[in-house]
Amino acid sequence: MSLLMTDANLSHRKNLIGLDRDELLAELTAIGEKPFRVKQLWHWIYHQGETDFAKMTTLAKPSRAALAERFVISRPAIST
Numbered sequence: 062m063s064l065l066m067t068d069a070n071l072s073h074r075k076n077l078i079g080l081d082r083d084e085l086l087a088e089l090t091a092i093g094e095k096p097f098r099v100k101q102l103w104h105w106i107y108h109q110g111e112t113d114f115a116k117m118t119t120l121a122k123p124s125r126a127a128l129a130e131r132f133v134i135s136r137p138a139i140s141t
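What the sequence shown shows, in my numbering, is residues 62 to 141, in sequence order.
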């Protein structure tokens, strides 16, 4: 079994999968987001399984756009 990187992982955007909450906080505050966004984003990624920022309706539209420009949520594919 091997892990394959998807095209999204190869883009210029940083993958948020695998970051802990402190690392996520550092990434979000670096782009001007408020610290409470970490909890919201964590919920969408790890509780709802969402990978599309546009569908994260508890985030403000400008925040969703800023996140989509800079980040990706992409889990590695498993190949057998």
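Backbone N, C-alpha and C fix where the C-beta goes; we use that ideal spot for every residue, glycine too. What you are looking at is a predicted structure, and each value in this text was computed from that prediction instead of being measured.
Check	Outcome
Outcome for M62 when other beta-carbon atoms lying within 10 angstroms are tallied against a minimum of 16	The predicted position of M62 is uncertain, since its pLDDT is 46 and thus under 50; a value taken from the coordinates is nonetheless stated next. By the neighbour-count rule (16 or more Cβ atoms within 10 Å), M62 is not buried but exposed.
Three-state class that DSSP yields for K122 in the structure shown	helix
Proximity of I92 and A127 at Cβ, strictly below 7 Å	yes
Same chain only: Cβ atoms within 8 Å of Q101, ignoring 5 sequence neighbours per side	M117, T119, L120
Distance between beta carbons of S135 and R98, contact taken as under 8 Å	Not really, about 19 Å apart at Cβ, beyond 8 Å.
Proximity below 7 Å, CB of W105 to CB of E111	yes
Sequence-distant residues of the same chain with beta carbon closer than 7 Å to P96, five excluded per side	L86, T90
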